[in-house]
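For the protein sequence lines, the chains are A and B, in the order given.
Mapping to numbering that gives the first Met the number 0: the first sequence position 110 is 109, numbers consecutive.
Mapping to numbering that gives the first Met the number 0: the second sequence position 284 is 283, numbers consecutive.
Notes to accompany the following structure.
Number of protein chains: 2
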Amino acid sequence: MSRDPLNLAIVGLGNVGTGVAKILTQQPERMIQRAGRPIHVAKAVVRTLSKPRDIALPAGVLTDDLQSVIRDPNIHVACELVGGIHPAKEIVLDLLAAGKDVVTANKALLCQHGEEIFNFARKQGRTVCFEAAVAGGIPIIAAVGQSMAANQILAIQAILNGTSNFILSEMLLKHQTYAAALQQAQALGYAEADPALDVNGTDAAQKLGILAQLSFGTKVNTSQIHVSGIDTLQQTDIQYAAGLGYTIKLLASARVNGDKLELSVRPTLIHNDKPLAQIHGPFNAILLDGDVVGNVWYSGRGAGQLPTASAVTADIIDMAIGRAQLTFRQLDLWCDTPRFTLAPEAETRSRYYLRLSVEDRPHVMADVTDRLGRHGISLATVIQPEAPETEGGTQTQVVPLIIMTHRTSRGSLLAAEAELSQLASVRQPLMVLAVAD
Amino acid sequence: MSRDPLNLAIVGLGNVGTGVAKILTQQPERMIQRAGRPIHVAKAVVRTLSKPRDIALPAGVLTDDLQSVIRDPNIHVACELVGGIHPAKEIVLDLLAAGKDVVTANKALLCQHGEEIFNFARKQGRTVCFEAAVAGGIPIIAAVGQSMAANQILAIQAILNGTSNFILSEMLLKHQTYAAALQQAQALGYAEADPALDVNGTDAAQKLGILAQLSFGTKVNTSQIHVSGIDTLQQTDIQYAAGLGYTIKLLASARVNGDKLELSVRPTLIHNDKPLAQIHGPFNAILLDGDVVGNVWYSGRGAGQLPTASAVTADIIDMAIGRAQLTFRQLDLWCDTPRFTLAPEAETRSRYYLRLSVEDRPHVMADVTDRLGRHGISLATVIQPEAPETEGGTQTQVVPLIIMTHRTSRGSLLAAEAELSQLASVRQPLMVLAVAD
Numbered sequence: 000m001s002r003d004p005l006n007l008a009i010v011g012l013g014n015v016g017t018g019v020a021k022i023l024t025q026q027p028e029r030m031i032q033r034a035g036r037p038i039h040v041a042k043a044v045v046r047t048l049s050k051p052r053d054i055a056l057p058a059g060v061l062t063d064d065l066q067s068v069i070r071d072p073n074i075h076v077a078c079e080l081v082g083g084i085h086p087a088k089e090i091v092l093d094l095l096a097a098g099k100d101v102v103t104a105n106k107a108l109l110c111q112h113g114e115e116i117f118n119f120a121r122k123q124g125r126t127v128c129f130e131a132a133v134a135g136g137i138p139i140i141a142a143v144g145q146s147m148a149a150n151q152i153l154a155i156q157a158i159l160n161g162t163s164n165f166i167l168s169e170m171l172l173k174h175q176t177y178a179a180a181l182q183q184a185q186a187l188g189y190a191e192a193d194p195a196l197d198v199n200g201t202d203a204a205q206k207l208g209i210l211a212q213l214s215f216g217t218k219v220n221t222s223q224i225h226v227s228g229i230d231t232l233q234q235t236d237i238q239y240a241a242g243l244g245y246t247i248k249l250l251a252s253a254r255v256n257g258d259k260l261e262l263s264v265r266p267t268l269i270h271n272d273k274p275l276a277q278i279h280g281p282f283n284a285i286l287l288d289g290d291v292v293g294n295v296w297y298s299g300r301g302a303g304q305l306p307t308a309s310a311v312t313a314d315i316i317d318m319a320i321g322r323a324q325l326t327f328r329q330l331d332l333w334c335d336t337p338r339f340t341l342a343p344e345a346e347t348r349s350r351y352y353l354r355l356s357v358e359d360r361p362h363v364m365a366d367v368t369d370r371l372g373r374h375g376i377s378l379a380t381v382i383q384p385e386a387p388e389t390e391g392g393t394q395t396q397v398v399p400l401i402i403m404t405h406r407t408s409r410g411s412l413l414a415a416e417a418e419l420s421q422l423a424s425v426r427q428p429l430m431v432l433a434v435a436d
Numbered sequence: 000m001s002r003d004p005l006n007l008a009i010v011g012l013g014n015v016g017t018g019v020a021k022i023l024t025q026q027p028e029r030m031i032q033r034a035g036r037p038i039h040v041a042k043a044v045v046r047t048l049s050k051p052r053d054i055a056l057p058a059g060v061l062t063d064d065l066q067s068v069i070r071d072p073n074i075h076v077a078c079e080l081v082g083g084i085h086p087a088k089e090i091v092l093d094l095l096a097a098g099k100d101v102v103t104a105n106k107a108l109l110c111q112h113g114e115e116i117f118n119f120a121r122k123q124g125r126t127v128c129f130e131a132a133v134a135g136g137i138p139i140i141a142a143v144g145q146s147m148a149a150n151q152i153l154a155i156q157a158i159l160n161g162t163s164n165f166i167l168s169e170m171l172l173k174h175q176t177y178a179a180a181l182q183q184a185q186a187l188g189y190a191e192a193d194p195a196l197d198v199n200g201t202d203a204a205q206k207l208g209i210l211a212q213l214s215f216g217t218k219v220n221t222s223q224i225h226v227s228g229i230d231t232l233q234q235t236d237i238q239y240a241a242g243l244g245y246t247i248k249l250l251a252s253a254r255v256n257g258d259k260l261e262l263s264v265r266p267t268l269i270h271n272d273k274p275l276a277q278i279h280g281p282f283n284a285i286l287l288d289g290d291v292v293g294n295v296w297y298s299g300r301g302a303g304q305l306p307t308a309s310a311v312t313a314d315i316i317d318m319a320i321g322r323a324q325l326t327f328r329q330l331d332l333w334c335d336t337p338r339f340t341l342a343p344e345a346e347t348r349s350r351y352y353l354r355l356s357v358e359d360r361p362h363v364m365a366d367v368t369d370r371l372g373r374h375g376i377s378l379a380t381v382i383q384p385e386a387p388e389t390e391g392g393t394q395t396q397v398v399p400l401i402i403m404t405h406r407t408s409r410g411s412l413l414a415a416e417a418e419l420s421q422l423a424s425v426r427q428p429l430m431v432l433a434v435a436d
């Protein structure tokens, strides 16, 4: 069966774009076999034509003129692999307006402007695919949108930022400081020159936002997600957690609680007998809890040229087959009647790990536990590591105090935390981390 | 958008069939939302109408007459959930001949008669979906057939039989004997009254056969897979492996080696730093190595009413959307020009664990290692656990000798094993287990 080729434009020939172009041009037979028709890279749009590139394309394919794609009615599908919000947004809208289906790996764009882009695409009768936007090598969009279609997803627990996970693994396994581990991540190419969006939780929050919208039909702005990063974590917390049998991960979490949806991205203690605690290095992992299937989980590389290009190419093949168009029509995206509303942060519930620096003198433990108890916070574990005995000095020693609480509301915790800060015997800052169920 | 309902027949209302009927009849709104149209259970075909059932269906739905489905042109899709080879095969062929698309969870049927069934379906212009046939709750058919479409899969390592995995976990973690662990699996409903197909590797081999055909386009008969089960494993091997840092799993493995494909299902030592070693209890896990994406892995419940019903229902929704039809047309199933041929067993290569019972007397170690060395088998680890000192007794003591080899061919190993068996100082039987890379 010989069918017309799918003519494709790749807009943005950076790391991922080059990977996609390589797969498509170096494996034409494989593409025909998988897609049932040839996939032809008609144009590759770049900003700077003269830049040296790691791929040789036939004459006439490389161009710096997006309009040559927009105006060509024979180009059916375009990949937006420019990244960032502008001009990526304008490029995607122009491509859709010109009748192209669009494949994108742009999580920031979809998280911030997904509603507008998807609504416009549907109005135009076009399709947008975005498997590569969340957890590159893990087919999580297909899992949620298709394989788990019989389920209402009840919870998501995920490691969605490989850079942070690499840093945390180095801190745990090689006892490195945060700064040294970050430097190592940059040296290995896992972290950008400016790693802020990775380590402060923004990148993971954008991906969680997309996953949450797909899974719960609830519009999520990242500003509504309770986000904290790994950039204030200390080696000492990594080690205390390890001593308690936990590993700290930057956990993206979504949980249905009645008709409320709790969303957070934060460093979280995960018990070592949970699979997520065992995911070390620059990997992603996602645990989905479906009301029919139970727990299903996925792990793989979340970023990098080839894993991301693999996901983009799978989307292109889906477009060539015609399957993507059917899927997109049916996806529960940005719907108008959400089944769940976002829970106010103060009402979300979790177990917590607290590390306080307290003066080593009588009644401190009573004062601290009293403040927690007043807010209904019950204690699961209290550890005051033994400090060296001192006698008769005038200097009061400061010692750590580690507390693991039972489940409590974020509101109660914040109120207790404020009172603890007022205690003369408690030094700033308090370290407060969530503990996963 | 209101579309015609999809009229469905469920053939076989056992555990899984009842689960599917429950989801479809108890969640009609969810089905409309996911499929874009109602899914209507028109008929449920059973053998015995009078049997008490865990589900109430509207009058006229329950029937013992398959012909009422065959003859009804308004029934578009039928689920074969009868299991076994006969009459399941005849039922599926009759349904296809009558113009129905078919969803099946029947791994034994597809493994043995898949070629005939799929060819007939394609000839009839019909579709067969079988996500539930392999690793129920894990969407592995979609992963291989769709999400990894940019890749040539290079290797599969999988735990595909939950019953065996439960038994191995009990033996490792609770130090139970094989017999006691099996009894426990039966008491919990994980193992059938006759658990032979689970524990002797047949069930896993059927699933590996289907996965291998999908991933490599190579026709596989289970008789061509090197299969051994967990039923001869001893507690002592579980513990020696643990001491060496390994966990024994019933591993289904496929590996591309040049243009050859190596397939096996056998108890295998997996190093504890590999995720598969950490999968305990009645779960399945699958590691796929794609040439573009690298390693991606999946875990979840491989069997049970709801996980399997979740997969069947996802297939039904795919049919209702029209996506399954496109996928089936494109799947690389039982193709005529396979890219790989099966490697003869003697040529397959692996590391091995050997446990010998040897007489505790001079030159035994030299004899044993000489036989291995003659066949080019090089040793990675040799452990002879210390035996209590005896003096002057006439009875020669028998002691265990544990050897881990470097990679060698199965042929060399079998030849060395035959020679070892001839040694007067080596008692029968030798325990030989593969060690995963």
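C-beta: ideal position from N, C-alpha, C; glycine also.
Remember, predicted model here, so these are calculated numbers, not experimental data.
Rounded to whole angstroms, the gap between the alpha carbons of residue 429 of chain B and residue 232 of chain B is 12 Å.
Contacts with chain A (Cβ-Cβ distance below 8 Å) from the region 312 to 338 of chain B involve 312, 313, 316, 317, 320, 321, 322, 325, 326, 328, 329, 331, listed in chain order.
Contact note: residue 142 of chain A reaches chain B through 138, using a C-beta cutoff of 7 Å and chain order.
Scanning chain B for C-beta atoms nearer than 7 Å to the C-beta of residue 22 of chain A yields 149, 291, reported in chain order. Unbroken alpha helix (DSSP H) runs of no fewer than 4 residues, entirely contained in the region 160 to 214 of chain B, are found at 161 to 172, 177 to 186, 195 to 198, following chain order.
When Cβ-Cβ separations below 8 Å define contact, residue 299 of chain A makes contact with chain B.
For residue 359 of chain A against residue 398 of chain A, the beta-carbon gap comes to about 5 Å, under 8 Å, which counts as contact. Note on the region 36 to 97 of chain A: whole alpha helix (DSSP H) runs with a minimum of 4 residues are 66 to 69, 87 to 96, in chain order. Counting the other Cβ atoms within 10 Å of the Cβ of residue 427 of chain A gives fewer than 16, which makes it exposed.
Here residue 282 of chain B is bridged, per DSSP, to B/300.
The beta carbon of residue 180 of chain A lies closer than 6 Å to those of 166, 169, 170 in the same chain, with the five residues before and after it left out. Spatial neighbours of residue 184 of chain B in its own chain (CB-CB distance under 6 Å, excluding positions within 5 residues in sequence) are listed in chain order as 162, 165, 166, 190.
Within chain B, the residues placing a beta-carbon under 8 Å from that of residue 309 of chain A are 147, 149, 150, 289, 291, 292, ordered along the chain. Scanning chain B for C-beta atoms nearer than 8 Å to the C-beta of residue 35 of chain A yields 328, 329, reported in chain order. Nearest to residue 15 of chain B by C-alpha distance, out of B/49, B/29, B/53, B/30, is B/53. By the rule that beta-carbons nearer than 8 Å mark a contact, residue 363 of chain B does not touch chain A. When only Cα atoms are considered, residue 353 of chain B and residue 401 of chain B end up about 6 Å apart.
Looking from the CA of residue 256 of chain A, the closest CA among A/85, A/349, A/71, A/84 belongs to A/349. Around the Cβ of residue 319 of chain A, a 10 Å sphere holds 16 or more other Cβ atoms; the residue is buried. Around residue 7 of chain B, no beta-carbon contact reaches into chain A at under 9 Å, the shortest distance being about 13 Å.
Taking the CA atoms as reference points, residue 326 of chain A sits about 10 Å from residue 35 of chain B. The distance from the Cβ of residue 260 of chain B to that of residue 340 of chain B is about 7 Å, consistent with a contact at the 8 Å cut-off. Excluding its 5 nearest sequence neighbours in each direction, residue 253 of chain A has C-beta neighbours in its own chain below 6 Å: 155, 211, 262, listed in chain order. Residues 352, 379, 380 of the same chain have their beta carbon placed closer than 6 Å to that of residue 403 of chain A, with the five preceding and five following residues left out of the count. Using a Cβ-Cβ cut-off of 7 Å, residue 350 of chain B is close to nothing in chain A; its nearest Cβ partner there is about 23 Å away. Per DSSP, the continuous alpha helix (DSSP H) segment holding residue 325 of chain A begins and ends at 322 to 329. Judged by beta-carbon spacing, residue 213 of chain A lies within the 8 Å limit of residue 143 of chain A, meaning their Cβ atoms are closer than that value. Interface flag for residue 25 of chain A against chain B is unset, since no Cβ pair is found closer than 8 Å. In terms of Cβ geometry, residue 366 of chain A and residue 150 of chain A do not form a close pair [threshold 8 Å]. Counting every other CB atom within 10 Å of its CB across the protein chains shown gives residue 11 of chain B a total of 16 or more, marking it as buried. Across the set A/153, A/84, A/115, the C-alpha of A/115 shows the shortest separation from the C-alpha of residue 218 of chain A. The C-beta of residue 281 of chain A comes no closer than 8 Å to any C-beta of chain B. Each residue's CA atom was taken as its position, placing residue 276 of chain A and residue 82 of chain B some 38 Å apart.
Near chain B, meaning a CB-to-CB distance below 8 Å, no residue of the region 198 to 229 of chain A qualifies. Put simply, of A/272, A/227, A/355, A/41 the residue whose alpha carbon is nearest the alpha carbon of residue 59 of chain A is A/41. When the alpha-carbon of residue 197 of chain B is set against those of B/269, B/25, B/301, B/66, the nearest one is in B/301.
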